[in-house]
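To start, the structure under review is shown below, and the notes come after it.
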Amino acid sequence: MSAPIKSAFADKKMLGRAVKDSFLKLSPRTQAQNPVMLLVYLSAILTTGLWIVSLFGLKDAPSGYTLAIAVILWFTVLFANFAEAIAEGRGKAQADSLRAAKKDVDAYKIPSADEKDRITVVPSASLKKGDLVLVKAGEQIPADGEVVGGAASVDESAITGESAPVIRESGGDRSAVTGGTTVLSDWIVVQVTSEAGESFLDKMIAMVEGAARKKTPNEIALQIFLIALSIIFILVTMSLYTYSLFSAKQVGIESPTSVTTLVALLVCLAPTTIGALLSAIGIAGMSRLNQSNVLAMSGRAIEAAGDVDILMLDKTGTITLGNRQAHAFLPVDGVSPEELADAAQLSSLADETPEGRSVVVLAKEQFGIRARSLSDKQMTFIPFTAKTRMSGVDYDGNEIRKGAAEAMEAYVTQAGGVYSKECGEIVKNIAKEGGTPLVVAKNHKILGVIHLKDIIKKGVKEKFADLRKMGIKTIMITGDNPLTAAAIAAEAGVDDFLAEATPEGKLDMIRDFQAKGHLVAMTGDGTNDAPALAQADVAVAMNSGTQAAKEAGNMVDLDSSPTKLIDIVRIGKQLLMTRGSLTTFSIANDVAKYFAIIPALFMGLYPGLSALNIMGLHSPQSAVLSAIIYNALIIVALIPLALKGVKYREVPAGKLLSRNLLIYGLGGLAAPFLFIKLIDMLLVMLGLA
Numbered sequence: 001m002s003a004p005i006k007s008a009f010a011d012k013k014m015l016g017r018a019v020k021d022s023f024l025k026l027s028p029r030t031q032a033q034n035p036v037m038l039l040v041y042l043s044a045i046l047t048t049g050l051w052i053v054s055l056f057g058l059k060d061a062p063s064g065y066t067l068a069i070a071v072i073l074w075f076t077v078l079f080a081n082f083a084e085a086i087a088e089g090r091g092k093a094q095a096d097s098l099r100a101a102k103k104d105v106d107a108y109k110i111p112s113a114d115e116k117d118r119i120t121v122v123p124s125a126s127l128k129k130g131d132l133v134l135v136k137a138g139e140q141i142p143a144d145g146e147v148v149g150g151a152a153s154v155d156e157s158a159i160t161g162e163s164a165p166v167i168r169e170s171g172g173d174r175s176a177v178t179g180g181t182t183v184l185s186d187w188i189v190v191q192v193t194s195e196a197g198e199s200f201l202d203k204m205i206a207m208v209e210g211a212a213r214k215k216t217p218n219e220i221a222l223q224i225f226l227i228a229l230s231i232i233f234i235l236v237t238m239s240l241y242t243y244s245l246f247s248a249k250q251v252g253i254e255s256p257t258s259v260t261t262l263v264a265l266l267v268c269l270a271p272t273t274i275g276a277l278l279s280a281i282g283i284a285g286m287s288r289l290n291q292s293n294v295l296a297m298s299g300r301a302i303e304a305a306g307d308v309d310i311l312m313l314d315k316t317g318t319i320t321l322g323n324r325q326a327h328a329f330l331p332v333d334g335v336s337p338e339e340l341a342d343a344a345q346l347s348s349l350a351d352e353t354p355e356g357r358s359v360v361v362l363a364k365e366q367f368g369i370r371a372r373s374l375s376d377k378q379m380t381f382i383p384f385t386a387k388t389r390m391s392g393v394d395y396d397g398n399e400i401r402k403g404a405a406e407a408m409e410a411y412v413t414q415a416g417g418v419y420s421k422e423c424g425e426i427v428k429n430i431a432k433e434g435g436t437p438l439v440v441a442k443n444h445k446i447l448g449v450i451h452l453k454d455i456i457k458k459g460v461k462e463k464f465a466d467l468r469k470m471g472i473k474t475i476m477i478t479g480d481n482p483l484t485a486a487a488i489a490a491e492a493g494v495d496d497f498l499a500e501a502t503p504e505g506k507l508d509m510i511r512d513f514q515a516k517g518h519l520v521a522m523t524g525d526g527t528n529d530a531p532a533l534a535q536a537d538v539a540v541a542m543n544s545g546t547q548a549a550k551e552a553g554n555m556v557d558l559d560s561s562p563t564k565l566i567d568i569v570r571i572g573k574q575l576l577m578t579r580g581s582l583t584t585f586s587i588a589n590d591v592a593k594y595f596a597i598i599p600a601l602f603m604g605l606y607p608g609l610s611a612l613n614i615m616g617l618h619s620p621q622s623a624v625l626s627a628i629i630y631n632a633l634i635i636v637a638l639i640p641l642a643l644k645g646v647k648y649r650e651v652p653a654g655k656l657l658s659r660n661l662l663i664y665g666l667g668g669l670a671a672p673f674l675f676i677k678l679i680d681m682l683l684v685m686l687g688l689a
């Protein structure tokens, strides 16, 4: 899914399917779902009927003119259907690729995690929630579930598009697996967490196809507004018809307006442009989110992302690179830097963590100390444990330890050694700077401190500054102590932080902001994040996280990248901007068309109106034909913008509103005058008016 999708207009297969769907959507049931376009649909039927009647001598207007209006109205309906179909086509293309990954396979069902030899082969479609299955290397995971035994490398490219395998193991926050992915090495025991037909892949297919898409509150509110405008224009058109009859009778001439003309006028004045594109804008917004490898469980979540003003971001992996790196060796009490670096490197040789490897690399880079082979000396490595909070190595009667300052102080003093005051000061200074101090001791004597530093991601500070311009407050969530958290928050440029964060602390903070009228977005991947995710307005769960987190969130990030939250907010705001901009353009269009058509229509009754015919349209009929042709073509012209979205800009809401009013408001007023005149000239040139 992460692979770029071709342009909708460049993909012939997608284009062909959209054209076919445009005709299928002509069914009354489908048209009734869009009240504004239903008005155009009924108008097309009415004018078609008037043309058929005109063939038998009962002419409301010249037959050719009535036929032209009917054909253009049918094309207007088809163009609106096409806009929606081309937007849906992207989702259907994604759904096709997902269906290729979804197939019924043999599942190796077992009674319990300890009875892996008692295998019963069953179809994956028959699995039920709670069943246990054994999956070995080369086999496809038959259903969504949690790993309850073993660990394995899993290929999730069918879901995420990423070719790099990921590790899934029992316990922790990376235990969730998705049906349709493949185990590459080792084995795992999976407990099924979904019933047949309700898997994550099934939900993804339904969402990207649009089958599960429901209209959002904002979309419904806008549609009600458009219906109200349409009703107003129906009343205006009826009033114009009765008024024209009355005026014509007073001056003793035949009525200058026909039902066909008034129907065309009604369609031109109704907000058909935004009515035709409204559904496509919503579908395209969801499609852009899918292309970013984020699955939204509802359109409401995307809209909320556009309105959020509080972002709660985990420090690790979002603001920092996720792995602390050795930054400096700080010796104490006369110990040479080389001696400290040598001891630190020896104690880190068997440490496969990124932090441990960075200590080995730093010693080599700063002092040329080459990483020794583990067979160089008779070494006994002491692994790190949560209880001791230390690790180290014993060799040739020497004992080296490195670990947290408090643990190392206890270790040294219990052996009769002295904890250096200088070391204590260095530890405090590192904490104030937002770093992590690791104290190193050899034979119960403090040698110095390794300064581990959180590396702030490149460009993060600038992103936070852009968000601040838009009125969005950023809050860093971390388990660090307040002193360290404050230093990192200052360096990263976030507005606030929550230190020593607990599940209860996150939940309370979200509730507090919501009580003050804010909309809050956050990410999470663990079971302990589930309460806060369920409370947040926009909750992005990591695909690699636990099932509880994924069920609590209203979006799932298939790439499991915490920084994706910023992109989600951008896509949400772009959706709202696009809808607002095209609504402004549509309403401005209607105002312009009103002044373009009415003078041309009523000049026969009131010759003085010719002064308002500033475009100099050839005749009332050419004015109506030009306007209704423009009304249909502008829908097609705006389809690319509806699909791509209005360009996202990180500027305050007030400035953004002014800019869009200028571009789309004035543009909507000017475009009809220019293009209706051009179409009128073309019709005259071709002898059609």
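Position 161 of the sequence shown, counted from 1, bears residue number 161 in the UniProt record's numbering, the numbering being contiguous throughout.
Each residue gets a CB set at the ideal place from its N, CA and C atoms; glycine is no exception.
Only a predicted model underlies this, so the values are computations on that prediction, with no experimental measurement involved.
Identity of the residues DSSP links to residue i by a beta bridge
i, result
"residue 191", "132, 146"
"residue 155", "182"
"residue 364", "Paired residue(s): none; residue 364 is not in a bridge."
"residue 398", "395"
"residue 282", "Answer by DSSP bridge pairing: none, since residue 282 is not bridged."
"residue 295", "556"
"residue 381", "393"
"residue 542", "557"
"residue 437", "451"
"residue 123", "106"
"residue 140", "182"
Reduced DSSP category for residue i - H, G, I as helix; E, B as strand; rest coil
i, result
"residue 345", "helix"
"residue 33", "coil"
"residue 66", "helix"
"residue 464", "helix"
"residue 470", "coil"
"residue 233", "helix"
"residue 47", "helix"
"residue 652", "coil"
"residue 442", "strand"
Which listed residue (the options) has its alpha carbon closest to that of residue i
i, options, result
"residue 180", "154, 82, 246", "154"
"residue 446", "325, 461, 332, 559", "332"
"residue 661", "90, 272, 25, 586", "586"
"residue 521", "302, 42, 222", "302"
"residue 561", "328, 293, 113, 191", "293"
"residue 106", "659, 92, 396, 138", "138"
"residue 339", "666, 28, 582, 442", "442"
"residue 110", "127, 104, 103", "127"
"residue 426", "70, 237, 329, 492", "329"
"residue 114", "125, 122, 133", "133"
Residue i and residue j closer than 8 Å at C-beta
i, j, result
"residue 387", "residue 440", "no"
"residue 326", "residue 362", "yes"
"residue 319", "residue 311", "no"
"residue 541", "residue 524", "yes"
"residue 36", "residue 220", "no"
"residue 379", "residue 554", "no"
"residue 355", "residue 452", "yes"
"residue 261", "residue 601", "yes"
"residue 487", "residue 476", "no"
"residue 144", "residue 182", "no"
"residue 341", "residue 369", "yes"
Range covered by the alpha helix (DSSP H) that runs through residue i
i, result
"residue 575", "564-602"
"residue 522", "Residue 522 -> not in any alpha helix (DSSP H); beta strand (DSSP E) instead, spanning 520-524."
"residue 681", "666-685"
"residue 20", "12-24"
"residue 313", "First-last for residue 313: 310-314, but that is the beta strand (DSSP E), not the alpha helix (DSSP H)."
"residue 484", "482-492"
"residue 110", "It is not in any alpha helix (DSSP H) - residue 110 instead sits in the beta strand (DSSP E) that spans 106-110."
"residue 331", "Taken as a continuous stretch (DSSP letters only), residue 331 belongs to no alpha helix (DSSP H), being part of the beta strand (DSSP E) at 325-331."
"residue 429", "421-432"
"residue 335", "No alpha helix (DSSP H) holds residue 335; DSSP gives it neither H nor E."
"residue 622", "620-644"
For residue i, the first and last residue of its enclosing beta strand (DSSP E)
i, result
"residue 496", "496-498"
"residue 391", "390-395"
"residue 448", "445-453"
"residue 169", "166-169"
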